[in-house]
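Undergrad:
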Ligand code: 5GP
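Numbering (my numbering), first residue to last: 445 to 647.
(1) Any heavy atom of the ligand 5GP inside 7 Å of the beta-carbon of residue 548?
(2) Consider the C-beta atom of residue 609 and the heavy atoms of the ligand 5GP; say whether any pair is separated by less than 7 Å.
(3) Provide the residue span of the alpha helix (DSSP H) that contains residue 464, from first to last.
(4) The beta strand (DSSP E) spanning residue 527 covers which residue range?
(5) Let me make sure I understand the geometry here. Which of 473, 527, 638 has the alpha-carbon closest to that of residue 627?
(6) Go ahead and pull the three-state DSSP assignment for residue 515.
(7) Leaving aside the five residues before and after residue 566 along the sequence, list all residues of the same chain whose C-beta is less than 6 Å from its C-beta, in chain order.
(8) Who are the near neighbours of residue 563 in its chain, counting only those whose CB is closer than 8 Å to its CB and skipping five residues on each side?
(9) Tell me the DSSP secondary structure of residue 611 in three-state form.
(10) What's the gap between the Cα of residue 592 and the Cα of residue 481?
(11) Take the Cβ of residue 644 as the centre, count every other Cβ of all protein chains shown within 10 Å, and call the residue buried at 16 or more, exposed below.
(12) With a Cβ-Cβ cutoff of 8 Å, do residue 538 and residue 479 count as a contact?
(13) Using only the alpha-carbon positions, how far apart do residue 496 and residue 526 sit?
(14) Please report the distance separating the alpha-carbon of residue 445 from that of residue 580.
(15) Tell me whether residue 491 counts as near the ligand 5GP, meaning its Cβ is closer than 7 Å to at least one heavy atom of that ligand.
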């Protein structure tokens, strides 16, 4: 158990931009970060594991969680519902872990109201054409879903300026290093150092 409360890291950005890849690499190198597993009503993609990538639930179950205030935030995205279960986030933060949320902009705006001190990072593609290419190449969505996600991306990008940090995912290694630098800077924020400063100032 760590003695200091962890920090919350919110990663948003258009579908297909590489949020998952960046987060996985950052977490591989930083064992103090815990990933918040969201609940969703969408169907699992091949290779996705229930309880690891998402909690795959029926719409009724999802709204039972919403009604019983178990969600920190939730949103509808591209025809499915997604939400962050509250308990696990609060527990990990209290234990001193940093907690990473991979959520859409609607969810990020809800978190801004509850946790204004969280680190809000928006990942952008170098160009829209590149995003379109990555989405198509991923091959997890049919043509209609790709078109829907691209349309959503254009709206999301209009709201990117509300985030604290913008990371361009052009060269993957650079994007990973930038997210790590943001986390490191967050750990050095003076408000997180108040206990240390107090003890130093007593001397
Ligand atoms: P995907 O279906 O590609 O896994 O996710 C679609 C979008 O939903 C992504 O932008 C992802 O960040 C977002 N998302 C995943 N989990 C959550 C969540 O718990 N809450 C919100 N608001 N968005 C989420």
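Note that the Cβ used here is the ideal one computed from N, Cα and C, for glycine as well.
It should be emphasised that the depicted structure is a prediction, and the values quoted were computed from it without experimental measurement.
TA: Quick answer:
(1) yes
(2) no
(3) 463 to 473
(4) 524 to 529
(5) 473
(6) strand
(7) 456, 457, 604, 607, 610
(8) 451, 452, 453, 454, 608, 609, 626, 627, 630
(9) strand
(10) 24 Å
(11) exposed
(12) no
(13) 15 Å
(14) Unreliable positioning characterises residue 445 in this predicted model, as indicated by a pLDDT of 44, which lies under 50. The coordinate reading is nonetheless provided below. Near 43 Å, if we compare the C-alpha coordinates of residue 580 and residue 445.
(15) no
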